[in-house]
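Position in the sequence shown (first residue = 1) + 212 = this note's numbering. For each residue, glycine too, the CB sits at the ideal point set by N, CA and C.
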Amino acid sequence: MSSIGSHATSLVASLSEVNLKPGDVSLIPKDFKPTTELGITFGDKQVKQGNIVRVSEAKPTPTVSFAAEDDASADQTYTLLLADPDAPTPDDPKFAWWRHWVLSGLKPGTPAEQTNDALTTYLSPGPKDDSKPHRYLFLLYREPQGLSLSKADVGGEEFVDRRSFRAEEFVEKHGLKLVALNWMRGAGDGWNDENPGWKYETPRRIS
């Protein structure tokens with residue numbers, strides 16, 4: 213199996229374990245197959261398919277890296293979305309999807325080249341110590357040629373603007389195609405239940 217094929221298999225398995233199976237979640241199509249691997253790092257801390265990242269570790273703006281897709285043109289650009297389906301808590305996700313970060317005009321590289329200002333500036337995750345860890349999805353989308361997004365396309369920066377983001381509508385409206393995904397479980401610095409006996413719910417669809 214190719215490297216990207218092995219990555220796809222392990223990625224889908226990790227998502228399925230926490231009820232983020234492709235096709236069951238509005239932001240992850242049933243036919244999703246990654247065509248590149250998305251790297252996310254907070255300093256020395258690497259995000260990898262659902263590992264635990266503490267609030268203090270996630271404070272700095274992360275570094276984004278990905279290689280060019282095999283079939284992509286040299287001028288292909290991408291949109292990155294960081295969203296939380298478990299806001300304010302996994303037991304009461306009434307503010308899903310919470311919009312933490314949106315970048316557009318990204319180009320492949322290590323790190324990726326950011327050609328535009330952030331559409332939504334990075335807001336670090338902040339689960340409380342008594343909350344179950346939240347699932348945080350970093351989603352990389354191929355942009356259609358000629359796409360030009362503005363801050364008005366995603367909304368404001370205040371807390372009330374970021375919550376209940378209609379992510380699936382945004383993706384569909386602008387013709388974005390999911391090509392890579394990485395995710396982590398964000399936990400408070402004082403959270404210590406490393407073997408939780410609970411399960412995540414499938415994120416609800418916003419109607």
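Taking residue i and residue j to be in contact with their CB atoms under 8 Å, please state how far apart those CB atoms are, rounded to whole angstroms.
i    : j    : result
V259 : M396 : 5 Å
F254 : P272 : 6 Å
L164 : R374 : Residue 164 is absent from the structure shown; the chain starts at 213 and stops at 419.
T333 : E369 : 6 Å
I252 : P274 : 5 Å
Give the DSSP-derived three-state secondary structure of residue i in the structure shown.
i    : result
S314 : Residue 314 is actually Val in this sequence, not Ser. It is a strand residue.
H219 : helix
S277 : strand
I264 : strand
P302 : coil
K319 : strand
V391 : strand
K257 : strand
D296 : strand
V237 : strand
G402 : coil
Mark residue i as exposed unless 16 or more other C-beta atoms lie within 10 angstroms of its C-beta, in which case mark it buried.
i    : result
E413 : exposed
A295 : buried
A355 : Note that residue 355 is Glu in the sequence shown, not Ala. Buried: at least 16 other Cβ atoms inside 10 Å.
K385 : exposed
S238 : buried
G262 : buried
When every heavy atom of the ligand HEM is checked, does at least one fall within less than 7 Å of the C-beta of residue i?
i    : result
L227 : Summarising the ligand content, the structure contains no ligands, and the ligand HEM is consequently not present.
I'd like to confirm the pairing. Which residues does DSSP put opposite residue i in its beta bridges?
i    : result
L359 : L359 is not bridged to any residue.
Y290 : L318, R354
Does the Cβ-Cβ distance between residue i and residue j come in under 8 Å?
i    : j    : result
L292 : L352 : yes
L331 : V372 : no
V265 : G400 : no
Y348 : G317 : no
P241 : A220 : no
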